[in-house]
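Visitor: Please read through the structure below; I'll follow up with questions.
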Amino acid sequence: MFQASLRQDAYYQDGPCKTLVVEEDNVHSCFLQLTPTTPHSLKQQDDGSHRHHFDKELRIPTISGKMFSFIFYLSLLLPATVYGKDYFTAAVFEHRVQNYDSMDKTPLEVKNSNLQYYKKAVEVAAEKGADIILFNEYGTFQIRSRDRLLRYAEYVPDPRKQKFNPCTENVKDTHVLYTLSCLARENNIYIFANLIAMESCESTCDVDQIDSCEFNCPEDGVYFFNTDVVFDREGNIVARYRKVHPFFEVVNAPEKPEFETFETDFGKFGMVVCFDLVFGEAVLLAEKHGIDTLLYATYWYDDMLVLHSVEYQQSWAIANGVNVLAANTHAPGTGSLGSGIYSKTNGALIYTYEPDGKSKLLIANVPIKENVKIPDISSMIEIAPDEAIPKIETGEKFPENSYEKIAGPAIDKYGDYKYYKSQFENYTLTKLEKPSGEIQACSNEFCCSLSYSTQNLQEDFYLAAYSGLNHVKNYFQWCEEACVLTRCDPLDGKPCVVQPPTSKTVFQAVELKGNFKAKRVYPTVSKTRKRLAPKREWDFNRNEAETTLAFQSDSDVPLLKVGLLGRCYEKDPLFVPYYPTQFKKQPLV
1 MFQASLRQDA YYQDGPCKTL VVEEDNVHSC FLQLTPTTPH SLKQQDDGSH RHHFDKELRI
61 PTISGKMFSF IFYLSLLLPA TVYGKDYFTA AVFEHRVQNY DSMDKTPLEV KNSNLQYYKK
121 AVEVAAEKGA DIILFNEYGT FQIRSRDRLL RYAEYVPDPR KQKFNPCTEN VKDTHVLYTL
181 SCLARENNIY IFANLIAMES CESTCDVDQI DSCEFNCPED GVYFFNTDVV FDREGNIVAR
241 YRKVHPFFEV VNAPEKPEFE TFETDFGKFG MVVCFDLVFG EAVLLAEKHG IDTLLYATYW
301 YDDMLVLHSV EYQQSWAIAN GVNVLAANTH APGTGSLGSG IYSKTNGALI YTYEPDGKSK
361 LLIANVPIKE NVKIPDISSM IEIAPDEAIP KIETGEKFPE NSYEKIAGPA IDKYGDYKYY
421 KSQFENYTLT KLEKPSGEIQ ACSNEFCCSL SYSTQNLQED FYLAAYSGLN HVKNYFQWCE
481 EACVLTRCDP LDGKPCVVQP PTSKTVFQAV ELKGNFKAKR VYPTVSKTRK RLAPKREWDF
541 NRNEAETTLA FQSDSDVPLL KVGLLGRCYE KDPLFVPYYP TQFKKQPLV
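The numbers in full-length UniProt numbering rise by one with no breaks, and the one at position 54 of the sequence shown is 54.
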């Protein structure tokens, strides 16, 4: 009689049996090495490989195919007990990357300087009961040269074709993968991380198309991909996603969009990276592939007119009806910060948006079932390799003038917040002249109307409307319909150019409407110091005739912005990656 039991607080190391060879009704040549994992140092052998040393091993004889099938069937039933939960616990890490593009340290030193933060974040998240932790884009190293990437990038196999557990297998040059895999095993947690992966041209070639493959091969003979990797609780790589829309990066783009998903005992997840969220493939992932939660690693540059980072993250969750876990890089000098955990119905459960130069861990319970009350454990923790300190943000560290044209470039990349100018000159602007009233602004047959009431207008506010193409440096383009109420100051004789981070004007009510034709419309409401307004204060509705955002204040906190951003994906120009067609040319302006 064979008896099996499962303990959620113990899990075991895979042994020499890497695969099961099945012939008819038998399973051959396999034994399992069962050893409870214990914390160990993250060390690399001299040959670049990683090995574990265990005190004991328990060998179990090969079992019959029928018995294996029965046990496998039982394993399929186990997750059902977890699906009965009302929520899962998520962790998001916004990391201030160490040794950015460093020339005086070895790749191993650079990676370890960041992985020590990852290790602490994983341990704290696990102590808080997190089921999954998400890390930001370019979190373990940030290298801008393809030549130098050869020393940093790691090979990430396709988990649909090859099972791979970096923690238990002896593979060279996988230090980041090895470390994260072992952290997942030791802490019984899913880990989502981003890195640059590389593949040789030969490994990607179809033998029937070898000539065309060699013709398309990069000059250096290697493909580099901006890659998301997911490890399960045992350290296995269970999902891999490669960025489809690189943002002025020296990496390659996959030949076709990837819609990667994976299932856990607490829901189905999908993945995109940074600039991908701007385009239609991300919407298709949510719409056609049945995901519950989107995992989003980013190195976002704030566009201040309609949506900054956390505004876009929250609005994307609400507009597309999926939860979003978003991890941004912390580099305020390039307008890069802002991460959060967002419910598809209630918006932000916890978020960070403060240019303080710190690495921060966010924890929150995310609903699985609707209309069920769950424990609120939302918290923010400042992380260093040797400490974890509870933290509260107010937005007070945003400078009053962050527009680079006026304030100049960032002196301190990690503490001096700057943002890039939006295309205000293309917007139709209508100034609010009275404490309350109704006004309208139109652009290319797109119109938005505003009804509002305040006690007193203490700054200049404008209703701005735009319909057309937006762009980054006249290279990447996409179609927008935008309608926004915002505080705005003049510059160089133009009435509305600069968006300050604060306001003194309290709006009692705002109703913003537009005749959007866009497939998706993204809503946002922000208060002074760039704080997201509580979702209880506003409603968002769409029908065939119009789209409406209604805000009703329940406090005396001043308002900064109310916005609706429509994305007409079907009108987007063809996306052309920056590499290899453009990166050797003069810098774009």
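Beta carbons are placed, not taken as given, at the ideal position from N, Cα and C, and that holds for glycine.
Quick caveat: nothing in here was measured; it's all calculated off a predicted structure.
At the level of alpha carbons, what is the spacing between T62 and F231?
Guide: Bear in mind that the predicted position of T62 carries a pLDDT of just 40, short of 50, making it too unreliable to give a figure here.
Visitor: Taking D539 as the reference, give the member of A545, Y296, D412 and P523 with the closest Cα.
Guide: The shortest C-alpha separation from D539 is found at P523.
Visitor: Could you compute how far the alpha carbon of R51 sits from the alpha carbon of T547?
Guide: In this predicted model, R51 has a pLDDT of only 39, less than 50, meaning its place in the structure is not dependable enough to derive any value.
Visitor: Any chance you could list the beta strand (DSSP E) runs of at least 3 consecutive residues sitting entirely within the stretch 96-163, in chain order?
Guide: As far as the stretch 96-163 is concerned, its whole beta strand (DSSP E) runs of at least 3 residues are 132-135.
Visitor: Is V576 helix, strand or coil by DSSP?
Guide: Residue state, collapsed to three classes: coil.
Visitor: Tell me, to the nearest whole angstrom, how far the beta carbon of D220 is from that of R146; I am working on the premise that it is less than 8 Å.
Guide: That belief holds up - the Cβ atoms of D220 and R146 are roughly 6 Å apart, short of 8 Å.
Visitor: CB-CB under 8 Å to K288, same chain, minus the five flanking residues each way: which ones, in chain order?
Guide: Within the same chain, K288 has close Cβ partners F259.
Visitor: For G468, which of helix, strand or coil comes out of DSSP?
Guide: In the structure shown, G468 sits in a strand (DSSP, three-state: E or B).
Visitor: Put R233 into one of helix, strand or coil per three-state DSSP.
Guide: Coil.
Visitor: Let's see if you can read the secondary structure: which residues bound the beta strand (DSSP E) around W478?
Guide: W478 -> beta strand (DSSP E) spans F476 to R487.
Visitor: Counting only the same chain and skipping the five closest in sequence on each side, list residues whose C-beta sits under 6 Å from that of F164.
Guide: Excluding residues within five positions, the ones whose Cβ falls inside 6 Å are P157 and I237.
Visitor: Does the contact criterion of 3 or more C-beta pairs under 8 Å hold for the stretch 493-500 versus the stretch 271-282?
Guide: At 8 Å Cβ cutoff, the stretches do not touch.
Visitor: Assign G321 to one of three DSSP states: helix, strand, or coil.
Guide: DSSP places G321 in coil when its eight states are reduced to three.
Visitor: Would you tell me roughly how many angstroms separate the C-alpha atoms of E480 and V310, rounded to the nearest one?
Guide: Taking the straight line joining both Cα atoms gives about 19 Å.
Visitor: Counting only runs that start and end within the stretch 216-273, where is the beta strand (DSSP E) found for 3 or more residues in a row?
Guide: Entirely contained in the stretch 216-273, the beta strand (DSSP E) runs reaching 3 residues are, in chain order, 222-231, 237-242, 261-264 and 267-273.
Visitor: Among residues of its own chain, excluding the 5 on either side of K344, which ones have a beta-carbon nearer than 6 Å to its beta-carbon?
Guide: Only A317, G321, V322 and N323 meet the Cβ criterion.
Visitor: Buried or exposed, going by whether 16 or more other CB atoms sit within 10 Å of the CB of R160?
Guide: So R160 ends up on the exposed side.
Visitor: By the DSSP assignment, the beta strand (DSSP E) with T528 in it spans what residues?
Guide: Looking at the DSSP string, T528 is not in any beta strand (DSSP E), and its letter there is neither H nor E.
Visitor: At 3 residues or longer, what runs of the beta strand (DSSP E) sit wholly inside the stretch 297-346?
Guide: With a minimum length of 3 residues, the continuous beta strand (DSSP E) runs that stay inside the stretch 297-346 are 323-328 and 339-343.
Visitor: Give the secondary structure of N541 by DSSP, where H, G and I count as helix, E and B as strand, and everything else as coil.
Guide: Residue state, collapsed to three classes: strand.
Visitor: Indicate whether F551 and V562 have their beta-carbon atoms separated by less than 9 Å.
Guide: Contact flag set, yes.
Visitor: Less than 9 Å between the C-beta atoms of Y301 and S336, yes or no?
Guide: Contact: yes.
Visitor: Does DSSP put G415 in a helix, a strand or coil?
Guide: It is coil, neither helix nor strand.
Visitor: Report the option in Y223, V222 and F269 whose CA atom is closest to the CA atom of A239.
Guide: Per the Cα distances, F269.
Visitor: Does DSSP put V557 in a helix, a strand or coil?
Guide: Looking at V557 - three-state DSSP - the assignment turns out to be coil, as it is neither helix nor strand.
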